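Right, one structure below, let's go through it.
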Amino acid sequence: MKKILVTGGLGFIGSHTVVELQNEGFEVVIIDDLSNSSLDVLDGISSITGITPKFEKIDIKEKGKVQTFFSDHKDIIGVIHFAASKAVGESVLKPLHYYENNLNTLVYILQEVVGLPSSNFIFSSSCTVYGQAEHMPITESAPVQAAESPYGNTKQIGEEIINDVCKVDSNLQAISLRYFNPIGAHPSAKIGELPLGVPQNLVPYITQTAAGLRDCLSVFGNDYATSDGTCVRDYIHVVDLAKAHVVALKRLLEGDNRSNFETFNIGTGIGSSVLEVIKSFENVSGQSLNYKFAPRREGDVTEAYADTKKANDILGWQSQLTLDDAMLSAWNWEKNIRNIK
Ligand code: UFG
């Protein structure tokens with residue numbers, strides 16, 4: 298029995314990670330409060346893998362329910378913790394909601410994880426902890442900068458909480474994965490990203506515009522100090538990102554980690570501008586996208602892309618899929634959910 302708990306396992310990155318875990322023979326239990334996900338995702342996962350993971354609807358803010366869950370599942374050997382709110386703009390308007398939802402819940406989960414016979418823990422962190430880094434590509438030793446938003450702050454504080462616990466509890470083995478920009482969908486088009494309302498992120502906005510749900514994409518700023526004036530990011534295919542979680546988990550299970558709290562950048566190492574992402578979409582979809590230039594968006598950094606050497610050399614993980622692969626999978630997913638042929 299290799300039972301893994303995936304919190305937020307019906308969300309975008311969580312669901313793709315559940316697929317990869319099941320493909321590798323792990324038994325998965327998902328807890329999710331369905332606040333930003335749907336039960337249909339379970340069908341997608343079972344249709345891809347042939348296995349329906351166990352699921353319990355639990356809001357992790359309810360500490361008693363978390364305690365009961367863990368006392369019923371003492372044989373869990375690893376926890377991958379995705380459950381969290383993730384909209385940067387919303388976090389500015391609702392800071393207390395973000396601190397409660399992302400940090401209280403982390404504490405409640407950790408309080409149970411440290412009591413397990415096998416305390417292996419993977420945390421969803423973000424490149425947002427680096428802010429506008431001084432040097433590109435960004436290494437893990439780049440300084441963590443003052444957070445731009447309560448959301449970003451929850452990722453920084455979350456890492457500090459885990460690190461503090463690791464210092465006094467050598468039983469806890471933790472890895473924090475700092476994601477760059479996750480995009481794309483499973484190649485089967487059976488699971489993917491399902492943003493609530495108007496998408497805040499670039500790729501779902503592109504695919505919804507192409508699908509006719511939005512009139513026109515606004516490209517936020519064309520006067521940045523980059524090759525074409527638009528912002529540069531490191532867009533990582535969600536399937537590659539999901540696989541990084543499995544590799545990190547195995548590292549802990551096999552005792553290969555060098556300290557009980559490690560951090561790794563998870564990106565491709567390639568920076569792409571907004572215009573390059575649009576070009577990739579047009580190339581793989583065969584259609585042109587309606588877009589216009591608009592003023593800069595507050596809080597956007599000019600560029601952020603990963604130095605992936607540590608993940609490549611120490612974690613033994615490397616991204617395999619290209620920006621075109623990711624854009625094609627995102628478009629196939631959008632077409633599938635909108636019934637576009
Ligand atoms: N962009 C547009 N138009 C849009 C949406 C985005 O031009 O409609 C641009 C942004 O200005 C940015 C790029 O596309 O230059 C990527 O924007 P996203 O919103 O897709 O991603 P971000 O890099 O802003 O945010 C991501 C994650 C956050 C995380 C942040 C860390 O979504 O969770 O990286 O930098 F906090």
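The opening position of the sequence shown corresponds to residue 298 in this note's numbering, with each subsequent residue numbered one higher. Every residue gets a Cβ at the ideal spot worked out from N, C-alpha and C, and that includes glycine. The structure displayed is predicted, hence computed values, not measured ones.
CB-CB under 7 Å to residue 522, same chain, minus the five flanking residues each way: which ones, in chain order? Position 225 of the sequence shown, counting from 1, holds the residue named residue 522. Here the set comprises 599.
So what does DSSP say about residue 379, is it helix, strand or coil? Translated into the one-based positions of the sequence shown, residue 379 becomes position 82. Here residue 379 sits in coil by DSSP.
Put residue 324 into one of helix, strand or coil per three-state DSSP. As a position in the sequence shown, residue 324 is number 27, starting the count at 1. Three-state DSSP puts residue 324 in a strand.
For residue 602, the three-state DSSP class (helix, strand or coil): As a first step, residue 602 is located in the sequence shown; it is residue number 305 there, counting from the start. When secondary structure is reduced to three states using DSSP, residue 602 falls in the coil class, being assigned neither helix nor strand.
So is residue 591 buried or exposed if we call it buried at 16+ other beta carbons inside 10 Å? For this step, residue 591 is matched to residue 294 along the sequence shown. Here residue 591 is exposed. Its C-beta has fewer than 16 other C-beta atoms within 10 Å.
How about residue 449: is its Cβ closer than 7 Å to a heavy atom in the ligand UFG? By one-based count along the sequence shown, residue 449 stands at place 152. For residue 449, the shortest C-beta to heavy atom distance toward the ligand UFG is below 7 Å.
Ordered list of alpha helix (DSSP H) runs contained in the region 479-550, each at least 4 residues: The region 479-550 contains these whole alpha helix (DSSP H) runs: 499-507, 535-550.
State yes or no: is the C-beta of residue 538 nearer than 7 Å to some heavy atom of the ligand UFG? Mapped onto the sequence shown, residue 538 falls at position 241. It does not: the Cβ of residue 538 is nowhere closer than 7 Å to a heavy atom of the ligand UFG.
Please report the distance separating the alpha-carbon of residue 496 from that of residue 367. Counting from 1 along the sequence shown, the entry for residue 496 is found at position 199. Counting from 1 along the sequence shown, the entry for residue 367 is found at position 70. It is roughly 35 Å from the alpha-carbon of residue 496 to the alpha-carbon of residue 367.
Minimum C-alpha distance to residue 520 - residue among 472, 483, 572, 300: Residue 520 sits at position 223 when you count from the first residue of the sequence shown. Of 472, 483, 572, 300, the residue nearest in Cα terms is 572.
Short of 6 Å in beta carbon distance, which residues of its chain neighbour residue 424, apart from the five on each side in sequence? Order them along the chain. Looking up residue 424 in the sequence shown gives position 127. Take residue 424, set aside five residues on each side of it, and the residues of its chain with a beta-carbon closer than 6 Å to its own are 475, 477, 601, in chain order.
When burial is assigned at 16 or more other CB atoms within 10 Å of the CB, is residue 625 buried or exposed? Taking the first residue of the sequence shown as position 1, residue 625 is located at position 328. Counting the other CB atoms within 10 Å of its CB gives residue 625 a total of 16 or more, which places it among the buried residues.
So what does residue 637 bridge to, in DSSP terms? Here the question's residue 637 lines up with position 340 in the sequence shown. In DSSP, residue 637 forms no bridge with anything.
With a CB to CB cut of under 6 Å and the five nearest residues on each side skipped, what residues in its chain are close to residue 344? Reading the sequence shown from its first residue, position 47 is the one you call residue 344. Here residue 344 has 487 as same chain residues with Cβ atoms under 6 Å from its own Cβ, once five neighbours each way along the sequence are excluded.
Between the Cα of residue 535 and those of 411, 363, 490, spot the shortest distance and give me the residue it belongs to. Taking the sequence shown and counting its residues from 1, one reaches residue 535 at position 238. Minimum Cα distance to residue 535 is reached at 490.
Determine which residues share a DSSP beta bridge with residue 476 and list them. Locating residue 476 in the sequence shown gives position 179, where the first residue counts as 1. DSSP, once it has assigned bridges, lists 423, 563 as partnering residue 476.
Under the DSSP definition of a beta bridge, which residues are partnered with residue 302? The residue you call residue 302 lines up with position 5 of the sequence shown. Residue 302 pairs with 326, 376.
So, at 6 Å on beta carbons, what are the nonlocal neighbours of residue 388 in its own chain, with the 5 sequence-adjacent residues on each side left out? In the sequence shown, residue 388 corresponds to position 91, counting from 1. Excluding residues within five positions, the ones whose Cβ falls inside 6 Å are 395, 446, 447, 448.
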